[in-house]
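Colleague:
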Amino acid sequence: MRYILCQPAINRFKWELEVCITRLQKLGVRDIVLLFTQGDNSIPEYFEDMGAEVHVYNDSDRDKSYIPAVKPYLWMKYLEENSDRENGSYFYMDSDVLLRDTPDVKPTAKTWYASDCTSYIGNDYIDSKDPELIEKMCHAIGIDSHLIRKSKPIAGAQWVIKNPSYEYWKKVYEDSITLYKLLSESQTDIQKWTAEMWSQLWNVYHFGIDVQTHEDLEFSWPTDNIEAYYNKKIYHNAGVQKSDKDLFFKGQYVNRTPFQDDLSFVNHEKASYEYVKAIREVLDMAKYEVIAGFRDKNDDKEYFVGDRYPKPANKKVEEARIKELTSSDNNAGKPLIKEVES
Numbered sequence: 333m334r335y336i337l338c339q340p341a342i343n344r345f346k347w348e349l350e351v352c353i354t355r356l357q358k359l360g361v362r363d364i365v366l367l368f369t370q371g372d373n374s375i376p377e378y379f380e381d382m383g384a385e386v387h388v389y390n391d392s393d394r395d396k397s398y399i400p401a402v403k404p405y406l407w408m409k410y411l412e413e414n415s416d417r418e419n420g421s422y423f424y425m426d427s428d429v430l431l432r433d434t435p436d437v438k439p440t441a442k443t444w445y446a447s448d449c450t451s452y453i454g455n456d457y458i459d460s461k462d463p464e465l466i467e468k469m470c471h472a473i474g475i476d477s478h479l480i481r482k483s484k485p486i487a488g489a490q491w492v493i494k495n496p497s498y499e500y501w502k503k504v505y506e507d508s509i510t511l512y513k514l515l516s517e518s519q520t521d522i523q524k525w526t527a528e529m530w531s532q533l534w535n536v537y538h539f540g541i542d543v544q545t546h547e548d549l550e551f552s553w554p555t556d557n558i559e560a561y562y563n564k565k566i567y568h569n570a571g572v573q574k575s576d577k578d579l580f581f582k583g584q585y586v587n588r589t590p591f592q593d594d595l596s597f598v599n600h601e602k603a604s605y606e607y608v609k610a611i612r613e614v615l616d617m618a619k620y621e622v623i624a625g626f627r628d629k630n631d632d633k634e635y636f637v638g639d640r641y642p643k644p645a646n647k648k649v650e651e652a653r654i655k656e657l658t659s660s661d662n663n664a665g666k667p668l669i670k671e672v673e674s
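With the first letter of the sequence shown counted as 1, position 342 gets the number 674 in the numbering used here; the numbers rise by one all the way through.
And the structure:
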């Protein structure tokens, strides 16, 4: 099983990915694939150092009018590059997801699995906005509306799939943009941002594959009581508003990381606290703390006082380099890092 994540190479996703991947590796997952659009080259390199398989694609031909479409676009590029990748099983997840345990889900070429998202992508939700909207959406993307009515699709978010095809993801990419534009012009208050979720879900049926939900793919939210976190294997760090003063708000960390912040304010009775603990897991992996700022001559990374060394924490550093940085035997003439006290 390959665990795959798709995103632009920007800082907005870097720290989330590090939290996500640190937990995956703690759970014993080693086959991690990251797909990036071109951006900050240091970000893909960073995750290569963490042991992930990384692929970067030029997206100059991508329609950028709808941001979530980047995910099926990257899938399309990944499979187009090497058709052998169309064989095998994938756990497809987002960077703001944290696993408490690895789900035990076994997809087949004809049956894929996903989380239950009835409340915000099911047919009843769409009908509540406009009883003819499903037909309009299906017509726009060339999918039989009777198939969608009959199938009553409700799955989405985190997926476990087998043998995905380039043709499937190409259509998902194109259809997600078409649906977004259609929903943007509709006279409804439907959540248009989930157009990509409908495109992905409905096209599974269009390509002759069944979709089922699975209890191992159910997830808890930050606002849930902490018991919900332990009753589910997946945690989705979304849904927190800036006004939720006792929860971790990821929107505060678009341009910086949470690793050095005091997060003790987060309510210990809420599932959000478990995400704070996962952030600490990243810090706890590091064996050294920076005591004087410097730029590492080996990889040109800049380190500031209070940072942990190295970045990422599981990067292999030669013993001679550690001795150099912990002593005065360097260009600065003073120790630059110290061992973290356990």
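Just so it is clear, CB atoms sit at the ideal spot from N, CA and C, and this is done for glycine as well.
(1) With a threshold of 8 Å on Cβ separation, who are the neighbours of L533 within its own chain once the five nearest residues in sequence on each side are excluded?
(2) Classify T520 as buried or exposed, calling it buried when 16 or more other Cβ atoms lie within 10 Å of its own Cβ.
(3) Could you tell me the alpha carbon to alpha carbon distance between D395 and A472, rounded to whole angstroms?
(4) Spell out the partners DSSP gives C338 in its beta bridges.
(5) Suppose you measure from the CA of D426 to the CA of S660; what does that come to, to the nearest Å?
(6) With H, G and I counted as helix, E and B as strand and the rest as coil, what does DSSP make of D542?
(7) Pick helix, strand or coil for I486, following the three-state DSSP scheme.
(8) What is the residue span of the beta strand (DSSP E) that S447 lies within?
(9) DSSP state of E385, grouped into three classes?
(10) For A603, is the classification buried or exposed, using 16 other Cβ atoms within 10 angstroms of its Cβ as the cut-off for buried?
(11) When DSSP builds the beta bridges, which residues end up paired with I566?
(12) Can you tell which of L549, A401, D459, S518 has its C-alpha closest to the C-alpha of K503?
(13) Quick one: Cα of K461 to Cα of S421, how far?
(14) Check whether the segment 568-576 touches the segment 551-560, counting contact only when three or more Cβ pairs, one atom from each stretch, lie closer than 8 Å.
(15) Secondary structure at Y378, three-state DSSP: helix, strand or coil?
(16) Pull the bridge partners of F423 from the DSSP assignment, please.
(17) Going by C-alpha to C-alpha distance, which of L514, R355, Y635 sits closest to I364?
(18) Quick one: any contact between the segment 335-350 and the segment 371-386, if contact means 3 or more CB pairs under 8 Å?
(19) Which partner residues of R640 appear in the DSSP bridge assignment?
(20) May I have the straight-line CA-CA distance separating K564 from L668, to the nearest angstrom?
(21) What first and last residue would you give for the alpha helix (DSSP H) that runs through K670?
(22) Going by beta carbon distance, what residues of the same chain come within less than 7 Å of Y283, once the five residues before and after it are set aside?
(23) If we ignore side chains and look at the alpha-carbon of each, how far apart do K513 and A652 end up?
(24) Hey, how far is the Cα of K647 from the Cα of N495?
(25) Who does K602 pair with in a DSSP beta bridge?
(26) Can the beta-carbon of E601 be found closer than 9 Å to that of I654?
(27) Please work out which residues of its chain come closer than 6 Å, Cβ to Cβ, to L465, disregarding the five sequence neighbours upstream and downstream, and give them in chain order.
(28) Please report the residue range of the alpha helix (DSSP H) in which I399 lies.
(29) With a cut-off of 8 Å on the beta carbons, I'd call Y585 and N535 a contact; round off their distance for me.
Modeller: On the basis of the supplied data:
(1) Answer for L533: A446, I453, P485, A487, G488, V543, listed in chain order.
(2) exposed
(3) When rounded, the distance between both Cα atoms is 17 Å.
(4) BP columns for C338 point to L367.
(5) 43 Å
(6) strand
(7) Note: I486 maps to coil in three-state DSSP.
(8) If you look at S447, you'll find it in the beta strand (DSSP E) that goes 443-448.
(9) strand
(10) Flag for A603 reads buried.
(11) L431, F551
(12) A401
(13) 36 Å
(14) yes
(15) Y378 falls in the helix class under three-state DSSP.
(16) Y335, V492
(17) R355
(18) yes
(19) E621
(20) 43 Å
(21) Segment 669-671 is the beta strand (DSSP E) holding K670; no alpha helix (DSSP H) there.
(22) No information on residue 283 is available, as it lies outside the stretch 333 to 674 that the chain covers here.
(23) Each residue's alpha carbon lies about 57 Å from the other.
(24) 32 Å
(25) N557
(26) no
(27) I458
(28) It is not in any alpha helix (DSSP H) - I399 carries neither H nor E in the DSSP assignment.
(29) Between N535 and Y585 the Cβ distance is about 33 Å, and since that is not below 8 Å, they are no contact.
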